[in-house]
Every structure is written in C-alpha cells, then in structure tokens.
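Those protein sequences? They're chains C and D, same order as listed.
Under the numbering used here, the first residue of the first sequence carries the number 377, and numbering increases by one thereafter.
Under the numbering used here, the first residue of the second sequence carries the number 118, and numbering increases by one thereafter.
From the three backbone atoms N, C-alpha and C, an ideal C-beta is built for every residue, glycine too.
Each remark here refers to the structure printed beneath this line.
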Amino acid sequence: GQQLNQSPQSMFIQEGEDVSMNCTSSSIFNTWLWYKQDPGEGPVLLIALYKAGELTSNGRLTAQFGITRKDSFLNISASIPSDVGIYFCAGQIPGNTPLVFGKGTRLSVIA
Amino acid sequence: DAGVIQSPRHEVTEMGQEVTLRCKPISGHDYLFWYRQTMMRGLELLIYFNNNVPIDDSGMPEDRFSAKMPNASFSTLKIQPSEPRDSAVYFCASSFPTSTINEQFFGPGTRLTVL
C-alpha cells in the first residue's frame, strides 16, 4: 500500500525556537493534511492543502504542498509548551480513497 | 456539532472476552473510518464505510475483528475473542468528502487493554 515518510520521528526543542517537519511520498497526492494529537486525545486537523504549491498559515503554523505533489512540510514558529504532541501528515492519492498517514513526529518543547 | 463520539473511553478486559467499541459520527458525514494506533505501527486503517456500507476491510487484522454500521449515526467494532496483542487505542473518524475537500475528523479514541 501507499506509504508516507515523515521526518523527523521526534524533536526536542527550546521554547521560542522554530520547528520544521516534512513528509514525502513516492506517489503523487492531491491532498495533504496536517494533524496534531495531544496525549490521550484523537488527532485534530491543523491545516489542509489541496493545490500543488499552496502555502497556508494557521496562526504560528505554516504548511506547504510541494510542487511535485509528493511532499509537504509543516513549520511552527516561536514554539510554546502547548505545541507538545504528535504531528501527523496525511495524504490522499487521486480518486476517492482513504487518507494515508505518516508515522508522526513527536515534538517536545523545553521551557 | 458535538464531533465524533466514541465510547467507552477506556476498556480493560481479560483475554478471551468480547469487546465492543462504539462510534457516533458527525451528523451528515457519509464516510466512517476505524483506526488502530500503537507505538510500533502508528495509525492503521482497519475498515471504512460509505453510506453505511463497508467499502474496504482489508485492514482488519483477522476474523476476530468485525465492524458494523446499522445506520448513519452508529457504528461498532467488535473483537471476539480478545487477545493481549489487541491492546491499543482505537479511533473512529468521519468525513464528508467533496470533489475538492477531504478532511477526516477523529473521535477521542477508546484505549483498550486486554490482560
């Protein structure tokens, strides 16, 4: 089946630092989504991207849909302690198919 | 809207017992997904429904797992008999995809522990 390579697997950063994580695929996707999962909760949608090259922001979060349609990145600026959690990328190949999820990036923020 | 609702939030059972997990999708959503999450394997899609009909159950690990969706507002995932390796967090998600938008909304999950 389809697989997404998400990196890094985990990150430890100081409060106030910027963070970058990305996902790559060998297949072309027509949708990229980024989710955040807090401990003990389900993933919550952060940003959705639907066009190659699209750059979208949501507060301190910025995500881009790669122009090759095979990758996406998520940046978090000026991290704060509540940014702690697991960030998942998800993509959909052309056609009405289920999303494919990456294995997540576990973010820890040191105050 | 209340979002996707799952029950119970936590379930502890003994090996061999039957376990039933429940999900109420967001009203108006016509797709429903069941996922399993473990540290080792991440999020795995088990099965999904469209308009209450199972579309793909290739992710269901084995015959001990079954899922039903008797109506648009309710689905169950059943494990019988349960085994310790079934211990995981089980998520239900729903969506209403259009030609341009496909966003899944997750429930809070059920943490299952099989002793």
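Could you tell me whether the Cβ of P198/D comes closer than 8 Å to any Cβ of chain C? P198/D does not count as touching chain C.
Taking the beta carbon of S455/C as the centre, do at least 16 other beta carbons fall within 10 Å, making it buried, or is it exposed? Burial state of S455/C is buried, judged by a 10 Å Cβ sphere holding 16 or more other Cβ atoms.
Give me the DSSP bridge partner(s) of H127/D. Paired residue(s): R228/D.
At what residues does the beta strand (DSSP E) containing D447/C begin and finish? D447/C -> beta strand (DSSP E) spans D447 to I452.
For G133/D, collect the residues of the same chain with a Cβ closer than 6 Å to its Cβ; drop the 5 residues on either side in sequence, then sort them by chain order. Closer than 6 Å at Cβ, skipping near neighbours: P198.
Span of the beta strand (DSSP E), counted from its first residue to its last, around V485/C: T481 to I486 is the extent of the beta strand (DSSP E) around V485/C.
Can a CB atom of chain C be found closer than 8 Å to the CB of Y207/D? Not one chain C Cβ lies under 8 Å of Y207/D.
Assigned secondary structure, S458/C (DSSP; H/G/I helix, E/B strand, else coil): Here S458/C carries a helix assignment [DSSP, helix/strand/coil].
Under the three-state DSSP convention, the category Q202/D falls into: Contrary to the premise, residue 202/D reads as Arg rather than Gln in this sequence. Residue state for R202/D is assigned as helix, using DSSP reduced to three classes.
Option nearest S190/D by Cα separation, candidates D147/D, P214/D and H127/D: Closest in alpha carbon position to S190/D, among D147/D, P214/D and H127/D, is D147/D.
Three-state secondary structure assigned by DSSP to E393/C: Correct three-state label for E393/C: coil.
Buried versus exposed call for Y155/D [16 or more other C-beta atoms within 10 Å across all chains shown]: Residue identity check: residue 155/D is Thr in the sequence provided, not Tyr. Classification of T155/D: exposed, given that the 10 Å Cβ count is below 16.
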